[in-house]
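S.K.: Each residue of the sequence shown is one higher than the one before, counting from 415 in our numbering.
Here's a structure for you.
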Amino acid sequence: MALTFTVKPHKDEPVDNATLLGAGKMVSTLADFLASKDLISPLVIAVNGEWGSGKTSLITTVKKEIEKKGTVTAIFNAWQYEYSEPAGAMVYQIVSQTGPNKEIRRKAKEMAGLALDIFARKTAGIDLPAIKQHFEGSVSAVTTLSNRLEKYLQEDVQAERMVVFIDDLDRCSLENVIQLLEAVKLFLTVPKAVFVLAVDISKVKLAWSLKYGRVEQSIDEGPVHGKADRLTEEGLKYLEKIIQIQLELPKPSNEQLKEYLKSLDPGYTDDFCNLIAALNLTNPRSIKRFLNLVSFRANIPETGGMKTEAALVWTAMEHAAGEEAAAKMYNAYGDPSMFLQAINELGGFSESSWENQLKSSSKLSLFSNVSLGKLSLRDFWHFSKAVRPFSGKGGDIYTALGQIVAFSRRA
């Protein structure tokens, strides 16, 4: 049976009304907290989430909500200033966003200059006789900047507090991650200053550990492949000195996932939503990347009928088992019709019978003889059940699958 919908490509852009995938409650709670008269400051809050989990949309929505309540805000996208002087750029952006007038911009440049001076001193190579002068100059610069920031918030902002949102910190280089955290520390003596960092905490911990040589790694390991269990206690304590509150982005339920998918396209069926859930796709960016790849593959020339179904089945297979394992399973059958028929048959078995059927069927036993990649046999049975509504019967999907697999593996 052909699908009643097509899988269309979707833009991967943040929104300013993040209410789906369980974000709504967190947005309202955090907005109320930041606007509360009882909030203490200075304060640093981290919103922790993996790549693509919706952190930018969440803080953008919170920013809009607290502005409605009269809270003064600023936002700084750290990654945009990756190739400049990020600490100076951060201070300039924070100050200049509170007003468009020339006097505010003048003060912003002045304070950004102080920040640049502080971090230039921290990274400069100096000889022994200059150490005392260097130290005294650094202390003076830090004290001056802190005093200027405090005076600016009291006299120019004239608000209960200022909430600064910092986004994409974890996408910066190791050096810049540390420099920006050190820049945030400059505000920890400044009343009225509240920071909200949208960040993957594990990447920041790793940046600190690699920066100070606390993680041993082989030549073959890149800087992002260090294991969390080798991070030192010092790295954790370093973050705890800066971040007072750490919040975790919620993991959406299946119902919340269905609501999100139908917001992308109301035509998506329950079977389709169940397949996305079975693939453990709960990250907004991962979902859109998956859908965009399905959409692209469904437009490969000469794929014939049921090409969307074939693209969906093969992309789901690669995601579930991994590209190499999916190719091995496909090759074990050597024919798209035999491959799909085997998946259909396995997915049709009940909880109590699938394992015995797998052992007794010569057609299905091939799945036991090849690597299933990331999947156990039980996982593969669950996958077969989820993908079965789309794997169809008939020559159209077999032809389309063969073309899509050939194209995908060649590309």
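The C-beta atom is built at its ideal place from N, Cα and C for all residues, glycine as well.
Which of helix, strand or coil does DSSP assign to valine 591?
M.R.: Of the three classes helix, strand and coil, the one that applies to valine 591 here is helix, per DSSP.
S.K.: Taking three-plus beta-carbon pairs below 8 Å as touching, is the segment 721-728 in contact with the segment 813-822?
M.R.: Result yes; three or more Cβ-Cβ pairs closer than 8 Å.
S.K.: Apply the 10 Å Cβ neighbour rule to serine 623 and answer buried if 16 or more other Cβ atoms are within range, or exposed otherwise.
M.R.: It is buried - the Cβ of serine 623 has at least 16 other Cβ atoms within 10 Å.
S.K.: Distance, Cα to Cα, glutamate 496 vs arginine 823?
M.R.: Rounded to whole angstroms, glutamate 496 to arginine 823 spans 36 Å at the Cα level.
S.K.: Whether or not the segment 492-510 and the segment 471-483 are in contact is what I'm after, with contact meaning three or more pairs of Cβ atoms, one per stretch, closer than 8 Å; do they touch?
M.R.: Segments in contact, no.
S.K.: What separation, rounded to the nearest whole angstrom, lies between the Cα atoms of arginine 520 and proline 715?
M.R.: Cα to Cα, arginine 520 sits roughly 59 Å from proline 715.
S.K.: Just confirm the distance between the C-beta atoms of alanine 746 and valine 801, as a whole number of angstroms; I'd bet it's less than 8 Å.
M.R.: Not confirmed; about 17 Å, so no contact.
S.K.: Which first and last residues belong to the alpha helix (DSSP H) in which glutamate 759 is found?
M.R.: From DSSP, the alpha helix (DSSP H) with glutamate 759 extends over 750-761.
S.K.: Looking only at DSSP bridge pairs, what is methionine 576 linked to?
M.R.: In DSSP, methionine 576 forms a bridge with Val486, Ala607.
S.K.: From the DSSP secondary-structure annotation, give me the bridge partner or partners of isoleucine 459.
M.R.: Partner(s): Val610, Ile659.
S.K.: Is the beta carbon of glutamine 658 sitting closer than 8 Å to the one on valine 458?
M.R.: Yes, Cβ-Cβ distance for glutamine 658 and valine 458 is below 8 Å.
S.K.: Using the C-alpha atoms, what's the distance from glutamate 737 back to alanine 432?
M.R.: Cα to Cα, the separation comes out at about 33 Å.
S.K.: Does the count of Cβ pairs from the segment 650-669 and the segment 771-789 closer than 8 Å reach three?
M.R.: Too few Cβ pairs lie closer than 8 Å, so no.
S.K.: Measure the C-alpha to C-alpha separation of alanine 597 and lysine 606 and round it to an integer number of angstroms.
M.R.: Using only the alpha carbons, I get a separation of about 16 Å.
S.K.: For asparagine 713, name the three-state secondary structure that DSSP assigns.
M.R.: Coil.
S.K.: Quick one: residues in its chain with C-beta nearer than 8 Å to the C-beta of methionine 525, no 5 flanking neighbours on either side, listed in chain order?
M.R.: Cβ neighbours of methionine 525 beyond the five flanking positions: Val505, Tyr506, Val509, Leu559, Arg562, Leu563, Tyr566.
S.K.: To which residues does DSSP link aspartate 581 through a beta bridge?
M.R.: Note: aspartate 581 sits in a beta bridge opposite Asn491.
S.K.: Indicate the three-state DSSP secondary structure (helix, strand or coil) for glutamate 464 in the structure shown.
M.R.: Correct three-state label for glutamate 464: coil.
S.K.: Which same chain residues, not among the five before or five after proline 664, have their C-beta less than 8 Å away from its C-beta?
M.R.: Here the set comprises Leu435, Gly436, Ala437, Lys439, Met440.
S.K.: With a CB to CB cut of under 8 Å and the five nearest residues on each side skipped, what residues in its chain are close to serine 467?
M.R.: Same-chain partners within the cutoff: Leu663, Asn697, Pro698, Arg699.
S.K.: Return helix, strand or coil for asparagine 431, following the three-state DSSP convention.
M.R.: Looking at asparagine 431 - three-state DSSP - the assignment turns out to be coil, as it is neither helix nor strand.
S.K.: Pick out whichever of Gly761, Val486, Leu530 has its Cα sitting closest to the Cα of alanine 573.
M.R.: For alanine 573, the nearest C-alpha among the options comes from Val486.
S.K.: If you drop the 5 nearest sequence neighbours on each side, which residues of the same chain put their C-beta closer than 7 Å to that of asparagine 713?
M.R.: Same-chain partners within the cutoff: there are none.
S.K.: Among the candidates Asp749, Asp679, Leu472, Ala522, whose CA atom is the shortest distance from the CA of histidine 424?
M.R.: For the residues Asp749, Asp679, Leu472, Ala522, the minimum Cα distance to histidine 424 belongs to Asp679.
S.K.: Taking the Cβ atom as the reference point for each residue, do isoleucine 656 and asparagine 462 lie within a distance shorter than 8 Å?
M.R.: No, they are not a contact pair.
S.K.: Please list, in chain order, all residues of the same chain as serine 471 whose beta carbon is under 6 Å from its beta carbon, the five residues on each side excluded.
M.R.: Only Pro428, Val429, Ala432 meet the Cβ criterion.
S.K.: Whole angstroms is fine: what's the gap from serine 767's alpha carbon to serine 774's?
M.R.: Their backbone Cα atoms lie some 11 Å apart in a straight line.
S.K.: Which same chain residues, not among the five before or five after valine 476, have their C-beta less than 6 Å away from its C-beta?
M.R.: Closer than 6 Å at the Cβ level, and outside the excluded window around valine 476, lie Val441, Leu444, Ala445.
S.K.: Do phenylalanine 804 and alanine 734 count as a contact pair if the criterion is CB distance below 8 Å?
M.R.: For alanine 734 and phenylalanine 804, no; Cβs fall outside 8 Å.
S.K.: The alpha helix (DSSP H) that contains glutamine 771, what's its start and end?
M.R.: Residues 768-774.
S.K.: Of the residues Leu695, Glu769, Asp684, which one's Cα is nearest the Cα of leucine 417?
M.R.: Closest option to leucine 417, Cα to Cα, is Asp684.
S.K.: Under the three-state reduction of DSSP, which class applies to glutamine 511: helix, strand or coil?
M.R.: Correct three-state label for glutamine 511: coil.
S.K.: Could you tell me the distance, in whole angstroms, from the CA atom of leucine 448 to the CA atom of valine 577?
M.R.: Near 8 Å, if we compare the C-alpha coordinates of valine 577 and leucine 448.
S.K.: For glutamate 765 and leucine 600, what's the separation of their Cα atoms in angstroms?
M.R.: Near 59 Å, if we compare the C-alpha coordinates of leucine 600 and glutamate 765.
S.K.: Among Thr474, Gln494, Tyr744, which has the Cα closest to the Cα of aspartate 584?
M.R.: When only C-alpha atoms are compared, the closest one is Gln494.
S.K.: On the three-state DSSP scale, how would you describe isoleucine 454?
M.R.: Note: isoleucine 454 maps to coil in three-state DSSP.
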